[in-house]
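Residue numbers (the numbering used here): 44 to 368.
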């Protein structure tokens, strides 16, 4: 009960911002998820109140995971079929290429190779979650925690920028909804921004972008274990890799399997979709609320440049794949 009381003010704040975004989106024909992010950023000063911090953080993390997990009820294995095996293989190649690019580009910017791998993994896989998981098995020093924090902030900001600009770039390239979903899902860093960008274009683009993004998320566990093994072999690991596939991904897959077998009644599917949408809007509003641009002043220029280059690199590869298919 104490945990509920602690989180309630922040949950209510995120919910109010989400309701405002839903109202404006419905009445002015504007993407609700994008409005939730922008309204959250505009109300960022409210995050300075200690009473709302716990609830806003809970909304931006736990509610986001639940919202994405419930999206599984919307999909079936038939939905993956239209991508084709070749597309999925190239998606894996894009993720691995981004990590390799970050590792080797770091030397030209005066950044350590391990930090290049860390940022490349965060950009290539799933943003902050991947950054934290990779940092857990990476070599540590007196600056590692600060570097990890700066990396998370930089990746989050670049992902937010991509969420707003990539749909415009996709329209400029003449991508249809299917291609747009592939482009957004293969290039944007964080799950929330992928969902926001995809559904701001259309339902089809949002569904495809989410599926593509979750393929990238599924690569997190094996990549963390491989990196942990490599660092352990060289005697530089911070610890044994103990990361597992995120629980929300298991729920997503389970619901997808049940729906594919036809065991989910239409009323349940509709309920899960409505609940998922509400949770995602609230989560994105919370992400906007807790984004603090002032913290970017502490970012080192080489590290920021590296994250920008990695973002451009994966964006170009994803755009090429979307145009090619």
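Using N, Cα and C, we set each Cβ at its ideal position, and we do this for glycine too.
| Check | Outcome |
| --- | --- |
| Backbone secondary structure at residue 232 - three-state DSSP | coil |
| Cβ separation of residue 144 and residue 291, assumed to be a contact under 8 Å, to the nearest whole Å | That belief does not hold up - the Cβ atoms of residue 144 and residue 291 are roughly 28 Å apart, past 8 Å. |
| Which listed residue (267, 115 and 332) has its alpha carbon closest to that of residue 95 | 332 |
| Other residues of its chain near residue 173: CB distance less than 6 Å, five sequence neighbours each side excluded | 164, 165 and 263 |
| Contact under 9 Å by Cβ, residue 248 with residue 223 | yes |
| Outcome for residue 285 when other beta-carbon atoms lying within 10 angstroms are tallied against a minimum of 16 | The pLDDT assigned to residue 285 is 47, lower than 50, so where the model puts this residue is not dependable; a value taken from the coordinates is nonetheless given after this. By the neighbour-count rule (16 or more Cβ atoms within 10 Å), residue 285 is not buried but exposed. |
| Contact belief for residue 137 with residue 349 at Cβ below 8 Å, rounded distance in angstroms | Actually they do not touch by this definition, with Cβ atoms about 18 Å apart. |
| Where residue 272 sits in the DSSP three-state scheme | helix |
| Cβ pair count under 8 Å reaching 3, the segment 201–221 against the segment 305–312 | no |
| Residue span of the alpha helix (DSSP H) that contains residue 182, given as start and end | Careful: residue 182 lies outside any alpha helix (DSSP H) and carries neither H nor E. |
| C-beta atoms of residue 298 and residue 112 nearer than 9 Å | yes |
| Exposure label - residue 150; buried when at least 16 CB within 10 Å | exposed |
| 8 Å contact criterion, which residue 131 and residue 234 should meet: CB distance rounded | The Cβ separation is near 18 Å, so there is no contact. |
| 9 Å Cβ cutoff met for residue 76 and residue 63 | no |
| Where the alpha helix (DSSP H) containing residue 71 begins and where it ends | 45–71 |
| As assigned by DSSP and simplified to three states, the class of residue 119 | coil |
| Reduced DSSP secondary structure (H/G/I, E/B, other) of residue 169 | helix |
| Three or more C-beta pairs below 8 Å linking the segment 46–57 and the segment 94–108 | yes |
| Own chain, CB closer than 6 Å to residue 50, minus 5 neighbours either side, in chain order | 97, 98 and 101 |
| Range of the contiguous alpha helix (DSSP H) that encloses residue 97 | 93–101 |
| Span of the alpha helix (DSSP H), counted from its first residue to its last, around residue 311 | 309–333 |
| Status (buried if at least 16 other CB within 10 Å, exposed otherwise) for residue 232 | buried |
| Member of 84, 117 and 93 whose CA lies at the smallest distance from the CA of residue 296 | 117 |
| Residue 71 classed as buried or exposed, judged by whether at least 16 other C-beta atoms fall within 10 angstroms | exposed |
| Close Cβ partners of residue 361 (< 7 Å) along its chain, the five nearest in sequence each way excluded | 137, 226, 229 and 230 |
| Own chain, CB closer than 8 Å to residue 146, minus 5 neighbours either side, in chain order | 156, 159, 160 and 163 |
| Residue 141: first and last residue of the uninterrupted alpha helix (DSSP H) it sits in | 127–148 |
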